[in-house]
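A.B. asks:
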Amino acid sequence: MKHIKTISKPVLKDTKSIGCGECQASCQSACKTSCTVANQSCEKK
Amino acid sequence: MIHKYKFNGTNIVVDVNSGAVHGVDDIAFELLGESQNDEDFKVIALENYQALVDVYGEEKVEEAFEELLMLIDEEMLFSPPPFEDYSPDLDSKPILKSLCLHICHDCNLRCKYCFAGTGAFGGTRSMMSADVGKRAIDMLVKESAHRHNLEVDFFGGEPLMNFEVVKEIVEYARSLEAGANKNFRFTLTTNALALSDDKIDYINKTMNNVVLSIDGRKTTNDNMRMRLDGEGSYDVILPRIKKLVEARDGQNYYVRGTFTRENLDFSNDVLHLADLGFKQVSVEPVVANAESGYDLRNEDLPKLFEEYEKLALEYVKRERNGEGFNFFHFMIDLNAGPCIAKRTSGCGAGHEYAAITPEGDIYPCHQFVGQDDFKIGNVYDGIGNPVIRDSFRGSNITTREECRNCWAKYYCSGGCVANAWQFNADIDKPYSVGCELEKKRVEVALWIKANEID
Chain A
22 MKHIKTISKP VLKDTKSIGC GECQASCQSA CKTSCTVANQ SCEKK
Chain B
2 MIHKYKFNGT NIVVDVNSGA VHGVDDIAFE LLGESQNDED FKVIALENYQ ALVDVYGEEK
62 VEEAFEELLM LIDEEMLFSP PPFEDYSPDL DSKPILKSLC LHICHDCNLR CKYCFAGTGA
122 FGGTRSMMSA DVGKRAIDML VKESAHRHNL EVDFFGGEPL MNFEVVKEIV EYARSLEAGA
182 NKNFRFTLTT NALALSDDKI DYINKTMNNV VLSIDGRKTT NDNMRMRLDG EGSYDVILPR
242 IKKLVEARDG QNYYVRGTFT RENLDFSNDV LHLADLGFKQ VSVEPVVANA ESGYDLRNED
302 LPKLFEEYEK LALEYVKRER NGEGFNFFHF MIDLNAGPCI AKRTSGCGAG HEYAAITPEG
362 DIYPCHQFVG QDDFKIGNVY DGIGNPVIRD SFRGSNITTR EECRNCWAKY YCSGGCVANA
422 WQFNADIDKP YSVGCELEKK RVEVALWIKA NEID
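Protein chains in written order, with my numbering: chain A, 22 to 66; chain B, 2 to 455.
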């Protein structure tokens, strides 16, 4: 493509079947107040 | 739903429902206009078409239009929601996986902004006994069902003031791992004042993560983080924090600061911590009420946005010069991030996550400790109060109107429910200043990702 550069492909739809809950609670990492989750990694990937 | 914005000469388009992110040129950006779905887009693009042709020529505008249509076909633009409806199954048993243990409701600092009332959380100063800690671990093992990975954060007050109990709890939890098929991950959050060589050694051998509190520049830190004698803590804590970080080879830690209205130029505090050699830095907005005077207000947002932008530019520059560091809020995992269930349900307070007081009382999270209406049980009697628990479990980005309509919902997951309660007395109504800051951080973080690809 000449006018568009995709930085990230679609990622959400393929994760519908995961939901295993093995990942870290978002509040436990560092923040304790401002729970961004997108910086966390999935334990299954 | 899409979100489009410009920063530092880059046009970015976020396709909210798929998680796709695109860098686009000015033609594609203008063609999109304010459209929010593919039907809007076709109307708006045609309205803008001729004016763009006059500037860029027909061939280029046609190409950009076709490329946008291709993204729509591939469900990378105006894509449908990832699910029709999301509602947690409230009939199933909640699964607990993470505890915040308030090892000690006392502190050896007197930080002005402390949400814990300088350690006591509005109650009396007290220490958790080893027995309460062990019963909390038993409860976690039992209530976690088939979950393998369990988290325990040793929190306070200041947990180093009750360190022998920390050790006993760690030893007890480890003794249960094999038999219960569990893997405990420990974190310790400390102000570093009481760090000795022995404690550093134990922490580095035992804790999977350490959160070390320091606010940045000496003036910033000492303005808020004071010792009992009223003196600032910077000169005492800094060498101890450095020693701990060096001794664990710079792995799995955060130096963690808080910024307030009294240091709105917080990017200088972040960079100060980076200049000190710390590679894992988290500096976060204070949550405080208006009476405090140091709370962040709507009128502070333009300055704070400018600070995040300044920080992002310097962050990328340092990365390119081989002097990069991680800033917690700029880290976004675009490829291996959490699943849609996690992004929808958020922090899990009150059902996946709970806080335990020194007395063994259970609260939805550390921020609710001391608010009796939110007490959901005791480690000796178990978790009760299903009304509170279910209300937290049932609250997610689909139940909050502000979140449903927000482009950043799958990055943020709905924000902090305790903040929502504090400001709006409603866990389904997010704290607006926090939302604005979150959205800005995500915008800047995505721009940083775009730069990494370039």
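Glycine included, every Cβ here is placed at the ideal spot set by N, Cα and C.
Are the Cβ atoms of Leu-110 (chain B) and Glu-159 (chain B) separated by less than 9 Å?
C.D. replies: yes
A.B. asks: Can you tell me whether Phe-156 (chain B) is helix, strand or coil according to DSSP?
C.D. replies: strand
A.B. asks: Would a C-beta distance cut-off of 9 Å place Leu-213 (chain B) and Tyr-173 (chain B) closer than the cut-off?
C.D. replies: For the pair Leu-213 (chain B) and Tyr-173 (chain B), the CB atoms are not nearer than the 9 Å cut-off.
A.B. asks: Determine which residues of the segment 104–132 of chain B have a Cβ less than 9 Å from any Cβ of chain A, and write them out in chain order.
C.D. replies: For the segment 104–132 of chain B, residues whose beta-carbon sits nearer than 9 Å to a beta-carbon of chain A comprise Phe-116.
A.B. asks: With Trp-408 (chain B) and Val-15 (chain B) assumed to form a contact (beta carbons below 8 Å), what rounded beta-carbon distance in angstroms separates them?
C.D. replies: 6 Å
A.B. asks: Do the segment 360–370 of chain B and the segment 319–339 of chain B meet, that is, are 3 or more Cβ pairs less than 8 Å apart?
C.D. replies: Judged by Cβ distances under 8 Å, the segment 360–370 of chain B makes no contact with the segment 319–339 of chain B, as fewer than three pairs qualify.
A.B. asks: Could you check if Ser-47 (chain A) is buried or exposed, using at least 16 other CB atoms within 10 Å of its CB as the buried criterion?
C.D. replies: buried
A.B. asks: Please determine, among B:Glu-64, B:Phe-66, B:Asp-74, B:Phe-84, the residue with the shortest C-alpha to C-alpha distance to Arg-405 (chain B).
C.D. replies: Comparing Cα-Cα distances from Arg-405 (chain B) to each of B:Glu-64, B:Phe-66, B:Asp-74, B:Phe-84, the minimum goes to B:Phe-84.
A.B. asks: When the distance is taken between beta carbons, is Phe-306 (chain B) closer than 9 Å to Val-284 (chain B)?
C.D. replies: no
A.B. asks: Keeping to the same chain, check which residues put their C-beta closer than 6 Å to that of Arg-126 (chain B); ignore five residues upstream and five downstream.
C.D. replies: His-106, Asp-107
A.B. asks: Give the C-beta separation of Ile-215 (chain B) and Gly-258 (chain B) to the nearest angstrom, bearing in mind that I take them to be a contact with Cβ-Cβ under 8 Å.
C.D. replies: 6 Å
A.B. asks: Residues in the same chain with beta-carbon distance under 6 Å from Val-246 (chain B), minus the five sequence neighbours each way, listed in chain order, please.
C.D. replies: Tyr-254
A.B. asks: Looking only at DSSP bridge pairs, what is His-4 (chain B) linked to?
C.D. replies: B:Val-15
A.B. asks: Under 8 Å Cβ-Cβ, which residues of chain A neighbour Val-22 (chain B)?
C.D. replies: Thr-27, Ile-28, Ser-29
A.B. asks: Using a beta-carbon distance below 9 Å, is Asn-18 (chain B) in contact with chain A?
C.D. replies: Interface annotation, Asn-18 (chain B): in contact with chain A, CB-CB separation under 9 Å.
A.B. asks: Helix, strand or coil: how does DSSP classify Thr-220 (chain B) here?
C.D. replies: helix
A.B. asks: Quick one: residues in its chain with C-beta nearer than 7 Å to the C-beta of Asp-301 (chain B), no 5 flanking neighbours on either side, listed in chain order?
C.D. replies: Taken in chain order, the residues that qualify are Arg-262, Leu-265.
A.B. asks: Name the chain A residues that come within less than 7 Å of Ala-29 (chain B), Cβ to Cβ?
C.D. replies: His-24, Ile-25
A.B. asks: Using the beta-carbon of each residue, which ones in chain A are nearer than 8 Å to His-4 (chain B)?
C.D. replies: Neighbours of His-4 (chain B) on chain A: none; closest Cβ ~13 Å, over 8 Å.
A.B. asks: By the DSSP assignment, the alpha helix (DSSP H) with Asn-102 (chain B) in it spans what residues?
C.D. replies: Reading off the sequence, residue 102 (chain B) comes out as Leu, not Asn. Note, Leu-102 (chain B): premise wrong, no alpha helix (DSSP H); beta strand (DSSP E) at 99–103.
A.B. asks: Can you pull the DSSP bridge partners for Asp-236 (chain B)?
C.D. replies: Answer is none; Asp-236 (chain B) lacks a bridge partner.
A.B. asks: Span of the alpha helix (DSSP H) holding His-23 (chain B)?
C.D. replies: Careful: His-23 (chain B) lies outside any alpha helix (DSSP H), inside the beta strand (DSSP E) at 21–25.
A.B. asks: Could you check whether Gln-61 (chain A) and Lys-280 (chain B) sit closer than 9 Å to each other, using their CB atoms as the reference points?
C.D. replies: no
A.B. asks: Assuming Phe-42 (chain B) contacts Ile-104 (chain B) (C-beta within less than 8 Å), just tell me the rounded distance between them.
C.D. replies: Their Cβ separation, rounded to whole angstroms, is 55 Å, which puts Phe-42 (chain B) and Ile-104 (chain B) out of contact at 8 Å.
A.B. asks: Kindly indicate which three-state DSSP category His-147 (chain B) falls into: helix, strand or coil?
C.D. replies: coil
A.B. asks: Run down chain A in chain order and give the residues with a C-beta less than 9 Å from the C-beta of Val-25 (chain B).
C.D. replies: Per Cβ cutoff of 9 Å: His-24, Ile-25, Lys-26.
A.B. asks: Is the distance from the Cβ of Ile-73 (chain B) to the Cβ of Glu-353 (chain B) below 9 Å?
C.D. replies: no
A.B. asks: With 9 Å set as the bound, which would you pick, yes or no: does the beta-carbon of Ser-414 (chain B) sit closer than that to a beta-carbon of chain A?
C.D. replies: Closer than 9 Å: yes.
A.B. asks: Pull up the CB-CB distance for Pro-339 (chain B) and Cys-44 (chain A), whole angstroms please, since I reckon it's below 8 Å.
C.D. replies: Right, their Cβ atoms sit about 6 Å apart.
A.B. asks: Would you list the residues sitting across from Gln-281 (chain B) in a DSSP beta bridge?
C.D. replies: Bridge partners of Gln-281 (chain B) according to DSSP: B:Asn-327.
A.B. asks: Taking 9 Å as the CB-CB limit, is Tyr-354 (chain B) close to chain A?
C.D. replies: Interface with chain A (9 Å Cβ-Cβ cutoff): Tyr-354 (chain B) is included.
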